[in-house]
Amino acid sequence: MPLEQAVGVATDIAILSLLALSAYLVLLVGRISFGQQAYFALGAYASGMASTLAGWALAPSLLLGAAVGALVSALLAWPTLRLSGLNYAVATLALAEMMRIALMRLHVTREVEGEIVGPQGTEGFRDIRWLLENDVSPGGFLLLCLGVLGAALLALAWLRPRRLGLALRQVGHDEVLAASQGLPVLRLQLLAVAAAGALAAIGGGLYAHRATYIEPALFDPMLGVHAVGYALIGGLGTALGPLLGVMFDIGLLEATKVFAGWRMVVFGGLVALFLRFRPRGLLDEATVHRIGAAWRQFRRSP
Amino acid sequence: MNLRQLLLVAALLPVVFPAAAQSRRPQVDLACEAHGMGPLLDCTVRLRASDGRPLTGATVTLGATMPSMPMAHTVKPVRALPTAAPGEYRGQLTLEMSGAWAIEIDLAGPVRDRVVRVLMAEECEGDGRCPAPPARR
Numbered sequence: 298m299p300l301e302q303a304v305g306v307a308t309d310i311a312i313l314s315l316l317a318l319s320a321y322l323v324l325l326v327g328r329i330s331f332g333q334q335a336y337f338a339l340g341a342y343a344s345g346m347a348s349t350l351a352g353w354a355l356a357p358s359l360l361l362g363a364a365v366g367a368l369v370s371a372l373l374a375w376p377t378l379r380l381s382g383l384n385y386a387v388a389t390l391a392l393a394e395m396m397r398i399a400l401m402r403l404h405v406t407r408e409v410e411g412e413i414v415g416p417q418g419t420e421g422f423r424d425i426r427w428l429l430e431n432d433v434s435p436g437g438f439l440l441l442c443l444g445v446l447g448a449a450l451l452a453l454a455w456l457r458p459r460r461l462g463l464a465l466r467q468v469g470h471d472e473v474l475a476a477s478q479g480l481p482v483l484r485l486q487l488l489a490v491a492a493a494g495a496l497a498a499i500g501g502g503l504y505a506h507r508a509t510y511i512e513p514a515l516f517d518p519m520l521g522v523h524a525v526g527y528a529l530i531g532g533l534g535t536a537l538g539p540l541l542g543v544m545f546d547i548g549l550l551e552a553t554k555v556f557a558g559w560r561m562v563v564f565g566g567l568v569a570l571f572l573r574f575r576p577r578g579l580l581d582e583a584t585v586h587r588i589g590a591a592w593r594q595f596r597r598s599p
Numbered sequence: 112m113n114l115r116q117l118l119l120v121a122a123l124l125p126v127v128f129p130a131a132a133q134s135r136r137p138q139v140d141l142a143c144e145a146h147g148m149g150p151l152l153d154c155t156v157r158l159r160a161s162d163g164r165p166l167t168g169a170t171v172t173l174g175a176t177m178p179s180m181p182m183a184h185t186v187k188p189v190r191a192l193p194t195a196a197p198g199e200y201r202g203q204l205t206l207e208m209s210g211a212w213a214i215e216i217d218l219a220g221p222v223r224d225r226v227v228r229v230l231m232a233e234e235c236e237g238d239g240r241c242p243a244p245p246a247r248r
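Respectively, the protein sequence lines represent chains E and A.
Just so you know, we're using this note's numbering here: the first sequence kicks off at 298 and counts up by one.
Just so you know, we're using this note's numbering here: the second sequence kicks off at 112 and counts up by one.
Shown next as structure tokens:
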């Protein structure tokens, strides 16, 4: 694979991993969201508009996208988290579609140097050119994406053994038991869902600046289903699980082109198989525990 | 940090992180036609500088991705080579299926830019060729 293409694939893996991590965060608190693509879209549009229409730099544009993603995610989660599992999943899908259709009606344009820029409904949002105008190379942008992903993974790893991390997992295992132990279940789920919205939005912002062109059709339910699929294939035992799922799909199936146009079919079949035989994915909690125990034993041995 | 301080920070952000410098962009025309059951997409790119003159000496790379599945249905980027006509470049993409494809035209050399055009590529029977018109939604 030429270096140029390898850099592109690695960048896609890093960006999709942020989306997969957002789906993982929701799964962690015991809910399934098929609507994370909506926050990816909000992040893409918000940060794209900030850098293109308002002339903001990339970092504050991404931060604005993250804030919008977190806020909208929390606002929508407030009423929907009261729904039971399946109903919540359907609600996330419906709300995501509502937002996508709303983006089809979004027209905010401005003339910059004789060219009309900004979202133009179904015609899309072209010329998000901050990277080109600031001479950011594909390799440099890959490093930025890896840095953001690394920061997210480190934050999740730091949180894991802490009281908050354990409480989130407890809620995910059994909401009723968690509530009976005095944990604020709804508040913890809101926190996780808002963080998931922010993560997806940052991914969307990075995607918009990499692609330079976005349109509402990009953010259809297939993207959200894939995000959940990545987390389920990779495993829920650790935040590295979703990354594994993305690497498997994009890194192996897509980059090698083994199955060409049949890749989606193969991926769907794999998700079904995993749900049947390894419902909590490749790196499930038991596997992570075993790996941890083996590592500790290895370190103790003379 | 109270609301007034937050608003002040938001107002100062474009000052702290200056706006991107604007540049005069080249004009990019893309015409593609599909053939075969892949389908294969023969694309011709015509570049003009902002003053209207044909833009020669550019490195033109063509890529394609399906908007219905961002980042997950992409094809290997190919180099579009200059033809005898000044400012004209030609390359062939092998798509995985018919449908709407976002063709990414990456320019390097005298000018660095990326232009995206969404086309509807259909499979054509036998040796037949069919134009790939802009996708309408």
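Every residue, glycine too, gets a C-beta built ideally from N, C-alpha and C.
What you are looking at is a predicted structure, and each value in this text was computed from that prediction instead of being measured.
According to the DSSP assignment, residue 174(A) belongs to the beta strand (DSSP E) that extends over 170-176. With a cutoff of 7 Å on beta-carbon distance, residue 166(A) and residue 189(A) are scored as not near each other. Taking C-alpha positions only, residue 390(E) is separated from residue 410(E) by approximately 39 Å. Neighbours of residue 523(E) in chain A, taken as residues whose beta carbon is under 7 Å from its own, are 183 in chain order. The Cβ neighbour count for residue 419(E), taken over all protein chains shown within 10 Å, is under 16; the residue is labelled exposed.
For residue 317(E) and residue 208(A), the gap between their C-alpha atoms comes out near 26 Å. According to DSSP, residue 138(A) shares a beta bridge with 159(A).
A buried status is given to residue 202(A), since no fewer than 16 other beta-carbon atoms sit within 10 Å of its beta-carbon. Residue environment: residue 413(E) is assigned as exposed (fewer than 16 neighbouring CB atoms within 10 Å of its CB, all protein chains considered).
When only Cα atoms are considered, residue 401(E) and residue 417(E) end up about 8 Å apart. The beta carbons of residue 319(E) and residue 493(E) sit closer together than 7 Å. The C-alpha of residue 230(A) is placed about 16 Å away from the C-alpha of residue 513(E). If you look at residue 389(E), you'll find it in the alpha helix (DSSP H) that goes 382-401. Residue 151(A) places its beta carbon 7 Å or farther from that of residue 232(A). Relative to the Cα of residue 234(A), the nearest Cα in the group 137(A), 138(A), 144(A), 140(A) belongs to 144(A). When the beta-carbon positions are compared, residue 500(E) and residue 310(E) stay at least 7 Å from each other. At the C-beta level, residue 563(E) and residue 526(E) stay beyond 7 Å of one another. For residue 412(E), no alpha helix (DSSP H) run applies; the uninterrupted beta strand (DSSP E) run containing it begins and ends at 412-414, by DSSP.
The alpha-carbon separation between residue 185(A) and residue 175(A) amounts to approximately 6 Å. Counting only residues of its own chain and dropping the five nearest sequence neighbours on each side, residue 321(E) has a CB closer than 6 Å to the CB of 528, 539. When the Cα atoms are used, residue 193(A) and residue 299(E) turn out to be separated by approximately 21 Å.
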